[in-house]
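Worksheet: the structure to be examined is printed underneath.
There are 2 protein chains.
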Amino acid sequence: MPNVTLSLGKNSYDVHVSNGSLDSVGFFAARARLGKRAALITDAHVYPQYGESVRRSLEAADVEVSVHVITAGEEQKSLSQVEKLVSEMVAAGHNRSSFVVALGGGVVGDLAGFVASVFYRGIPYVQLPTSVLAQVDSSIGGKTAVNIPAGKNLIGAFHQPRFVLADPISLLTLSPRDLREGMAEMVKHAAIRKPKMLVTLRHIAKEVPLGFSLRTIESLPEVIAENIEIKARIVEEDEHETSGVRAFLNFGHTLGHGIEASLPYGQLRHGEAVSLGMRAALFLSRKHLGLQAQEEREVLETLAALQQPLVLPEEVDPADVMEHTAADKKFDHGKIRFVLLRALGDPVLSTEITREDLQEAIAHLTTPVSLN
Amino acid sequence: MPNVTLSLGKNSYDVHVSNGSLDSVGFFAARARLGKRAALITDAHVYPQYGESVRRSLEAADVEVSVHVITAGEEQKSLSQVEKLVSEMVAAGHNRSSFVVALGGGVVGDLAGFVASVFYRGIPYVQLPTSVLAQVDSSIGGKTAVNIPAGKNLIGAFHQPRFVLADPISLLTLSPRDLREGMAEMVKHAAIRKPKMLVTLRHIAKEVPLGFSLRTIESLPEVIAENIEIKARIVEEDEHETSGVRAFLNFGHTLGHGIEASLPYGQLRHGEAVSLGMRAALFLSRKHLGLQAQEEREVLETLAALQQPLVLPEEVDPADVMEHTAADKKFDHGKIRFVLLRALGDPVLSTEITREDLQEAIAHLTTPVSLN
Chain A
254 MPNVTLSLGK NSYDVHVSNG SLDSVGFFAA RARLGKRAAL ITDAHVYPQY GESVRRSLEA
314 ADVEVSVHVI TAGEEQKSLS QVEKLVSEMV AAGHNRSSFV VALGGGVVGD LAGFVASVFY
374 RGIPYVQLPT SVLAQVDSSI GGKTAVNIPA GKNLIGAFHQ PRFVLADPIS LLTLSPRDLR
434 EGMAEMVKHA AIRKPKMLVT LRHIAKEVPL GFSLRTIESL PEVIAENIEI KARIVEEDEH
494 ETSGVRAFLN FGHTLGHGIE ASLPYGQLRH GEAVSLGMRA ALFLSRKHLG LQAQEEREVL
554 ETLAALQQPL VLPEEVDPAD VMEHTAADKK FDHGKIRFVL LRALGDPVLS TEITREDLQE
614 AIAHLTTPVS LN
Chain B
254 MPNVTLSLGK NSYDVHVSNG SLDSVGFFAA RARLGKRAAL ITDAHVYPQY GESVRRSLEA
314 ADVEVSVHVI TAGEEQKSLS QVEKLVSEMV AAGHNRSSFV VALGGGVVGD LAGFVASVFY
374 RGIPYVQLPT SVLAQVDSSI GGKTAVNIPA GKNLIGAFHQ PRFVLADPIS LLTLSPRDLR
434 EGMAEMVKHA AIRKPKMLVT LRHIAKEVPL GFSLRTIESL PEVIAENIEI KARIVEEDEH
494 ETSGVRAFLN FGHTLGHGIE ASLPYGQLRH GEAVSLGMRA ALFLSRKHLG LQAQEEREVL
554 ETLAALQQPL VLPEEVDPAD VMEHTAADKK FDHGKIRFVL LRALGDPVLS TEITREDLQE
614 AIAHLTTPVS LN
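First to last, the sequence lines map onto chains A and B. Read in the working numbering, the first sequence has 467 at position 214, and its numbers run on one by one without any break. Read in the working numbering, the second sequence has 302 at position 49, and its numbers run on one by one without any break.
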């Protein structure tokens, strides 16, 4: 099975990627000596699908399990949900020798990881990501957080999991829209580190409407692992986001977040907003660093094949996007840090992007894309 | 000036103890390269005394300071206060390159330290402890936490400060009761690691009613540093409380917490409850490990000199203490982990204490102490 190791000193861990791996969580927990008591945190969408088999696998490995099912949705990433989960865990008899199992997408992973980081000042946890975004991105690298009204992910911790089990089979039950928006993060990985992956992604994109072929299903662990590998190497270089290398992962995210914040929550999926953000970032990369038009086009073609939006929805006011983006980022002498590409696979953390650049890039998103 | 170093790998830091050191915080912050923006978190008791001079010292070192004053009291150690402080810090323009200055007693230190540990997933902070307990105990070792209804300190983090500045002059404005209860934690340090310090503590205790002599004031930094040294060596051995060594610091605390929880909040000070807890622990040490009566008596005499309670207040129901203690601790086959002394300076983490032992020890606390 593809296995990616994150070498982070005493925080090192393995990511196991294989079809059907969710059923083996008990085996991996025993091998990692995680103790005999687990709090399984999941959401109401995922629990009916995989909750009981995960529980059974843990129990078969002699682990006592309490199950905590939250409502699905980003609003659950809150301090009140943290307090509720910690209280439930105390009532269920957990203590500092327990561990947390996070089963679900990015919201569950961020929330359950943060609960694990603060419960009795930190207990171990494992990630069982079930969405594309969670498997290739959010479950890897130890970022945990909750939102507060003042901003998203403002309260959090770096807390690395003890292992991650990514089971691509869990992606097969996702809706086409969820599958595609998750793959937008794979496009990001390809753009910053491995352009030739774009060919594979376009190939997979073609199969989404009819369902994956057996051959594609068999290849998913390799594709997922390839993406995890990209993120893992970056996290190893910059575990706590201090050197700037980890910032490369924000490619497409600066304006993506501004666009997300300009719409009622959930109208655009995260990956869809990031797709728009990537188009804007490619535009600025061409303008400032001479990124070749052919390279820009290849990324846009892949996003188009994934039916990601590349033109700003009409109801979005460009001035709103600007305002939300500016609120999020710190301008230093009128300039912000912004990830650009010199070429595909060659990202740069620019400090030269001005307010006017951002405005121009947002305006660019109101123009049609021609890919012929 | 006495200087205690905690050697904790990349989390190492110094504790500076000297009379008047609060005025030098700007110098130390600059030396530690903590950046140019600080959030000063303090409470409404401490702010009028030291808030402005701390702010001026930081500003003189070219640090921009926002001031956040909370109501004094344990109830402020809450998640809602964390959210409020983080929101205020965002509104004041802080980001991941800011740092936190915790100025006050144990509540401010625990709360502000936790805020620093979660703000943008962790920013640096420094401790400026102004109570006895905070100077010799809670500011040292990186334990931060808030309370939730399900229990005290259930949500927290290990987050080491970048430095600690303990200024014994700030103790001179404490009420005699606050001074004495804080010194109960010094008695604990003496009992587990340095019995000869008990003589010094009895000497200082005698001066409390009339105010300290100049000679005593001049000796305070040494006495405080001696206590910090004890805690520092223990934290170095067991930073994350995994080996059991750090548990020695809980001497007197298991039943102390049970007693605290059996009374309306604030009726007994923490150190007062711990004094009762130490008497109970000494009783069990004599019973189980043959601690000599003379050694038990020396600790009790020191606590008596500090006017600490040694007999359970009449309104406390021993059954209540038992219940609160048992709710706090995990019984394993009917036994709990409990710190005993084989001799003064020689603690043992016993796993042999039963429910009946605890009941007997609580009953012992209802009997008078004879020290003649």
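For every residue, glycine included, the Cβ atom is placed at its ideal position computed from N, Cα and C. Bear in mind the structure is a predicted one, so any value in this text is a computation, not a measurement.
Short CB-CB distance (under 9 Å) between residue i and chain B
i, result
"Val371 (chain A)", "yes"
"Phe584 (chain A)", "no"
"Ala579 (chain A)", "no"
"Gly326 (chain A)", "no"
"Pro402 (chain A)", "yes"
"Lys396 (chain A)", "yes"
"His493 (chain A)", "yes"
"Val343 (chain A)", "yes"
"Glu490 (chain A)", "no"
"Ser340 (chain A)", "yes"
"Glu460 (chain A)", "no"
"Glu576 (chain A)", "no"
"Glu479 (chain A)", "no"
"Glu471 (chain A)", "no"
"Val335 (chain A)", "yes"
Spatially closest choice to residue i from the options, by CA coordinates
i, options, result
"Val322 (chain A)", "A:Asp420, A:Leu293, A:His269", "A:Leu293"
"Pro421 (chain A)", "A:Leu432, A:Arg415, A:His412", "A:Leu432"
"Ser319 (chain B)", "B:Ser333, B:Tyr300, B:Ser331, B:Lys330", "B:Tyr300"
"Asp267 (chain A)", "A:Ile483, A:Leu427, A:Leu418", "A:Leu418"
"His269 (chain B)", "B:Val452, B:Glu479, B:Gln334, B:Ala557", "B:Glu479"
"Arg572 (chain A)", "A:Arg595, A:Ala514, A:Arg430", "What sits at residue 572 (chain A) in the sequence shown is Ala, not Arg. When only C-alpha atoms are compared, the closest one is A:Ala514."
"Thr453 (chain B)", "B:Val307, B:Leu602, B:Ile477, B:Asp610", "B:Ile477"
"Gln520 (chain A)", "A:Glu567, A:Asp581, A:Thr507", "A:Glu567"
"Asn264 (chain B)", "B:Pro377, B:His347, B:Lys484", "B:Pro377"
"Thr295 (chain A)", "A:Pro429, A:Gly497, A:Gln380, A:Arg550", "A:Gln380"
"Leu425 (chain A)", "A:Leu467, A:Leu553, A:Lys588, A:Leu259", "A:Leu467"
"Val371 (chain A)", "B:Phe411, B:Ala526, B:Pro448, B:Val488", "B:Phe411"
"Ala458 (chain B)", "B:Phe416, B:Gln561, B:Val488", "B:Gln561"
"Leu338 (chain B)", "A:Pro462, A:Ala285, A:Pro402", "A:Pro402"
"Glu551 (chain A)", "A:Leu542, A:Met531, A:Val564, A:Arg608", "A:Met531"
"Thr607 (chain B)", "B:Glu312, B:Arg374, B:Ala579", "B:Ala579"
"Leu611 (chain B)", "B:Gly497, B:His347, B:Arg590, B:Val488", "B:Arg590"
"Glu327 (chain B)", "B:Leu364, B:Gly304, B:Arg308", "B:Leu364"
"Val307 (chain B)", "B:Thr507, B:Gln334, B:Leu356", "B:Leu356"
"Arg415 (chain A)", "A:Asn348, A:Gly394, A:Gly409", "A:Gly394"
Below-9 Å beta-carbon distance, residue i vs any chain A residue
i, result
"Asn348 (chain B)", "yes"
"Lys405 (chain B)", "no"
"Arg455 (chain B)", "no"
Sequence-distant residues of the same chain with beta carbon closer than 8 Å to residue i, five excluded per side
i, result
"Gly273 (chain B)", "Asp420, Ile422"
"Met439 (chain A)", "Val385, Val389, Met450, Leu454, Val476, Asn480"
"Asp585 (chain A)", "Thr604"
Residues of its chain near residue i, where Cβ-Cβ distance is below 7 Å and the 5 sequence neighbours each way are ignored
i, result
"Ala314 (chain B)", "Gly279, Phe280, Ala282, Ala283"
"Lys289 (chain B)", "Asp315, Val316, Glu317"
"Gly435 (chain A)", "Ser384, Val385, Leu386, Gly524"
"Glu548 (chain B)", "Ala596, Leu597"
"Ala325 (chain B)", "Asp296, Ala297, His298"
"Gly464 (chain B)", "none"
"Leu618 (chain A)", "Leu529, Arg532, Ala533, Val564, Leu565"
Same chain, Cβ closer than 6 Å to residue i, neighbours up to 5 away in sequence not counted
i, result
"Ala345 (chain A)", "Ser319"
"Glu492 (chain B)", "Leu261"
"Thr555 (chain A)", "Val440, Leu451, Leu454, Arg455"
"Asn503 (chain A)", "Val592"
"Ile445 (chain B)", "Phe501, Phe504, Pro600"
"Ser350 (chain A)", "Gly288"
Practice prompt. Compile a chain-ordered list of the residues in the segment 499-532 of chain B whose CB is closer than 8 Å to at least one CB of chain D.
Written response: Looking at the structure shown, chain D is missing, and the protein chains on hand are A and B.
Worksheet item: Of all the residues that make up the segment 409-426 of chain A, which are near chain B by a beta-carbon distance shorter than 8 Å?
Response: Under the 8 Å Cβ criterion, the segment 409-426 of chain A contributes Gly409, Ala410, Phe411.
Worksheet item: Quick one: complete alpha helix (DSSP H) runs, 4+ long, within the segment 387-459 of chain A?
Response: Segments of the alpha helix (DSSP H) lying fully in the segment 387-459 of chain A: 429-446.
Worksheet item: Along the segment 542-569 of chain B, what residues have a CB closer than 7 Å to any CB found in chain A?
Response: Under the 7 Å Cβ criterion, the segment 542-569 of chain B contributes no residue.
Item to complete: Taking only runs that begin and end inside the segment 313-346 of chain A, name each unbroken beta strand (DSSP E) of 3 or more residues, in chain order.
Response: Look at the segment 313-346 of chain A and you find these whole runs of beta strand (DSSP E), each 3 residues long or longer: 317-323.
Practice prompt. Taking a Cβ distance cut-off of 8 Å, strictly less, list which residues of the segment 371-388 of chain A are near chain B, in chain order.
Written response: Taken in chain order, the members of the segment 371-388 of chain A whose beta-carbon sits within less than 8 Å of a beta-carbon on chain B are Val371, Phe372, Tyr373, Arg374, Gly375.
Discussion item. Please give the ranges of any beta strand (DSSP E) in the segment 588-618 of chain A, keeping only runs that are unbroken, at least 3 residues long and fully inside the region.
Written reply: Within the segment 588-618 of chain A, the complete beta strand (DSSP E) segments at least 3 residues long are 588-596, 599-607, listed from N- to C-terminus.
Item to complete: Could you name the residues of the segment 304-332 of chain A whose beta carbon sits closer than 8 Å to any beta carbon of chain B, in the order they occur along the chain?
Response: Of all residues in the segment 304-332 of chain A, those with a C-beta nearer than 8 Å to a C-beta of chain B are Leu332, reading in chain order.
Practice prompt. Report the residue ranges of all beta strand (DSSP E) runs contained in full by the segment 538-589 of chain A; include only those spanning at least 3 residues, in chain order.
Written response: Listed in chain order, nothing qualifies, since the segment 538-589 of chain A has no complete beta strand (DSSP E) run of 3 or more residues.
Practice prompt. Please specify which runs of the alpha helix (DSSP H), each continuous and at least 4 residues long, are wholly inside the segment 470-527 of chain B, giving them in chain order.
Written response: Complete alpha helix (DSSP H) runs here, min 4: 506-514.
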